[in-house]
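The sequence shown runs contiguously to residue 343 in the working numbering.
Beta carbons are placed, not taken as given, at the ideal position from N, Cα and C, and that holds for glycine.
Everything on this sheet refers to the single structure shown next.
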Amino acid sequence: MEGPTEVPAPVQAAYSYCEAVTGRQARNFAYGIRLLPTDKRQAMSALYSFSRRVDDIGDGSLAPEAKRDRLERTRELLERIRRGAVDEDDIDPVAVALADAARRFTLPLGGLDELIDGVLMDVRGETYETWDELKTYCRCVAGAIGRLSLGVFGTQPGARGAERASEYADTLGLALQLTNILRDVREDAVNGRTYLPADDLAKFGCTAGFYSTTPPAGSDFAGLVHFEVRRARSLFAEGYRLLPMLDRRSGACVAAMAGIYRRLLDRIERDPEAVLRGRVSLPGREKAYVAVRGLSGLDARHVTRQKLRGRA
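Okay, here's the thing in structure tokens:
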């Protein structure tokens, strides 16, 4: 629930720090949150900065035991925020900003516990036999962020189907994360991580960790990618049901972020082996174009038309 609009100077400084982190590190996320009013943009930056801290611990060079210790200390910080035990003079700007956001909005902070749980799965080097297993991981590291974001956005009074808004936000998070997994498949393999389900890999003659610049002989790597792209598109189509429940600017933010990832999917679908040659990305001008389409509602209407035609 939103609180007073006036922000004390130390808290404003903390938010400014988080916005700088977001602008510097969130290549896709930042395009969407620019469309939000100040209070929501600041809260989203605080959420991103805390999440970035958790991810950086998991991706860093520390030994696994040191990563686990650091993650548990981050969980203790989250508990302090939950108890309201972080004040505006705390030396940690991310904690100050997130604590203020939690006072101003109804944030399900347990979602950040789920994020920590998901990163601990990475630290343990877990792999996934089935989509259902991978889905559990994706819900921790991305679906939970979708639900937290919904706490900032809120839903329109009287919005039809609003009782399912959290479910749709979670599903959009899954769609984004599966797109990330496809985009980063080679980079993850180089770092000793395989996320795609073993069942799916086997179905297309692929094995975990094989990724080089070209698929191995006898595999149907393109078939594997197209299979996962269809799964991601289905998740996007379901998650887009959230948009009519949001106010215009929050809906534009979600449409912009999701639209960028859907265009990444389009590129990956057209050239599946591109993910083996390097990271697939969109130029800044195309991201800006997607943001404008999100603000106008064009991308949401496009997905709705595709869904009605059975192609989403």
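The alpha carbon of Thr161 has as its nearest neighbour, out of Glu218, Leu108, Tyr226, Arg104, the alpha carbon of Tyr226. In the same chain as Val42, and ignoring 5 residues on each side of it, the C-beta atoms closer than 8 Å to its own belong to Glu119, Val127, Ala128, Asp131, in chain order.
Between the alpha carbons of Ala319 and Leu207 lies a distance of about 18 Å. One Cα belongs to Ala239, the other to Thr186, and the distance between them is close to 41 Å. In this structure, the CA atom of Ala190 is about 26 Å from the CA atom of Ile291. Annotation for Gln56: the continuous alpha helix (DSSP H) segment containing it runs 40–56. Per DSSP, Leu146 is one residue of the alpha helix (DSSP H) stretching across 141–154. Close CB contacts of Leu266 within its chain, under the 8 Å cut and outside five residues either way in sequence, are with Thr202, Leu203, Leu205, Ala206, Leu209 (chain order).
For the pair Met288 and Phe136, the CB atoms are not nearer than the 8 Å cut-off. In this structure, Phe235 and Glu304 do not form a Cβ contact; the two beta carbons are roughly 13 Å apart against a cut-off of 8 Å. Secondary structure of Gly249 (DSSP, three-state): coil. Counting C-beta atoms within 10 angstroms of its own C-beta, Thr245 has fewer than 16 neighbours from the protein chains shown and is therefore classed as exposed.
Per DSSP, the continuous alpha helix (DSSP H) segment holding Arg106 begins and ends at 95–114. The alpha helix (DSSP H) runs lying completely inside the stretch 253–302 and spanning 4 residues or more are 279–301, given in chain order. In this structure, the beta-carbon distance from Ser80 to Val125 falls below 8 Å. Taken atom to atom, the span from the alpha-carbon of Leu179 to that of Gly249 is near 43 Å.
A check of alpha carbon separations from Asn211 across Lys98, Arg272, Arg99, Leu165 identifies Leu165 as the nearest. The stretch 78–98 makes contact with the stretch 46–58: 3 or more CB pairs, one atom from each, lie closer than 8 Å.
Here Ser92 is exposed, its C-beta having fewer than 16 other C-beta atoms within 10 Å.
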